[in-house]
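Engineer: Questions regarding the structure given below will be posed in turn.
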Amino acid sequence: MSAELTELNAKLDYLIEQVDAQRQRQAMLEELWRDMQPVIRDASDIAVQELAEVDGAFRMEDLVALMKAFLRNTRTFVKLVEQMEALMDLMPDVNRIMTPAMDQMVEQLALLEEKGFFKFANGMLYIADQVLSAFDEEDVRALGDNIVTILTTVRNMTQPEVMALANRAIESVEAPVEEDVSVWRLMREMRDPATCKGMARMLQMLKALGEQETLGTN
582 MSAELTELNA
592 KLDYLIEQVD
602 AQRQRQAMLE
612 ELWRDMQPVI
622 RDASDIAVQE
632 LAEVDGAFRM
642 EDLVALMKAF
652 LRNTRTFVKL
662 VEQMEALMDL
672 MPDVNRIMTP
682 AMDQMVEQLA
692 LLEEKGFFKF
702 ANGMLYIADQ
712 VLSAFDEEDV
722 RALGDNIVTI
732 LTTVRNMTQP
742 EVMALANRAI
752 ESVEAPVEED
762 VSVWRLMREM
772 RDPATCKGMA
782 RMLQMLKALG
792 EQETLGTN
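Numbered by my numbering, the letters in the sequence shown go through residues 582 to 799 in order.
Below is the structure:
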């Protein structure tokens with residue numbers, strides 16, 4: 582009988598300990614709940630205010646669809662994160678490579694600016710704008726049809742001997758001429774080999790112009 586009482590008392594003591602432990606846990610939970618209530622209330626108010634801004638544009642079905650899409654593409658997101666991590670690991674190496682390249686590019690741009698390259702390019706854009714404003718589509722098509730002839734003419738005109746001849750002609754035109762020139766002096770100049778050669782060139786040019794006019798008439 583004494584053994585049974587002892588065992589019963591032990592069980593009662595265990596039950597009392599469990600009840601006390603449960604009471605303590607309950608008290609801790611109640612205290613935690615009291616502490617969390619203000620936080621939960623503030624979070625709820627903020628959530629209501631924020632969700633009010635998307636009222637009508639957001640539905641619970643959209644959130645469910647988003648969650649489903651995320652779950653279906655979990656592996657894709659994981660791979661994306663891994664790639665981002667690998668890219669972040671490469672960033673120090675990329676910075677070491679790009680920094681000198683960027684510095685060199687800035688130096689080159691500054692050098693071009695110093696030489697007036699950008700002002701020249703701006704002037705070329707202005708010229709192109711003027712050309713586009715002055716010529717229509719038919720003019721551009723005609724230019725394309727005659728571009729070979731134009732380039733050939735420009736090439737011939739820029740030959741060293743042609744440029745030298747043009748410079749000599751300009752210099753001779755700009756050179757001062759005596760006001761009192763006698764007929765005998767003109768006759769003497771006509772006998773000069775250089776004068777004869779120049780007149781021959783002029784006659785040859787006039788002949789070529791006449792032949793071209795004849796071809797155009799035919």
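The beta carbon of each residue, even a glycine, is placed where N, CA and C say it ideally should be.
Using three-state DSSP, classify Gly697 as helix, strand or coil.
Structural biologist: If DSSP states are grouped into helix, strand and coil, Gly697 belongs with coil.
Engineer: Between which two residues does the alpha helix (DSSP H) holding Phe651 run?
Structural biologist: Taken as a continuous stretch (DSSP letters only), the alpha helix (DSSP H) holding Phe651 covers Met641 to Arg653.
Engineer: My output table needs one value for Thr739: the three-state DSSP class, helix, strand or coil.
Structural biologist: If DSSP states are grouped into helix, strand and coil, Thr739 belongs with coil.
Engineer: Ala658 by DSSP, collapsed to three states: which one?
Structural biologist: Reading off the sequence, residue 658 comes out as Phe, not Ala. Here Phe658 sits in helix by DSSP.
Engineer: For Pro757, does the three-state DSSP call read helix, strand or coil?
Structural biologist: If DSSP states are grouped into helix, strand and coil, Pro757 belongs with coil.
Engineer: Using only the alpha-carbon positions, how far apart do Leu586 and Glu598 sit?
Structural biologist: Roughly 18 Å separates the two Cα atoms.
Engineer: If you check the beta carbons only, do Val743 and Asn737 fall under 8 Å apart?
Structural biologist: Yes, the Cβ-Cβ distance between Val743 and Asn737 is below 8 Å.
Engineer: Are Leu693 and Phe699 close, meaning C-beta to C-beta below 8 Å?
Structural biologist: Contact: yes.
Engineer: Which residues mark the beginning and the end of the alpha helix (DSSP H) in which Arg722 is found?
Structural biologist: That run of the alpha helix (DSSP H) goes Glu718 to Asp726.
Engineer: According to DSSP, is Asp773 helix, strand or coil?
Structural biologist: Coil at Asp773, not helix or strand.
Engineer: Which class does Ser625 belong to by DSSP, given the choice of helix, strand or coil?
Structural biologist: If DSSP states are grouped into helix, strand and coil, Ser625 belongs with the helices.
Engineer: Can you tell which of Gly779, Ile731 and Ser714 has the C-alpha that lies nearest to the C-alpha of Leu835?
Structural biologist: There is simply no residue 835 to check, as the chain begins at 582 and stops at 799 in what is shown.
Engineer: Could you compute how far the alpha carbon of Leu647 sits from the alpha carbon of Leu671?
Structural biologist: Answer to the nearest angstrom: the Cα atoms are 32 Å apart.
Engineer: Note down the Cα distance separating Thr680 from Leu661, rounded to an integer number of angstroms.
Structural biologist: Cα-Cα distance, rounded: 27 Å.
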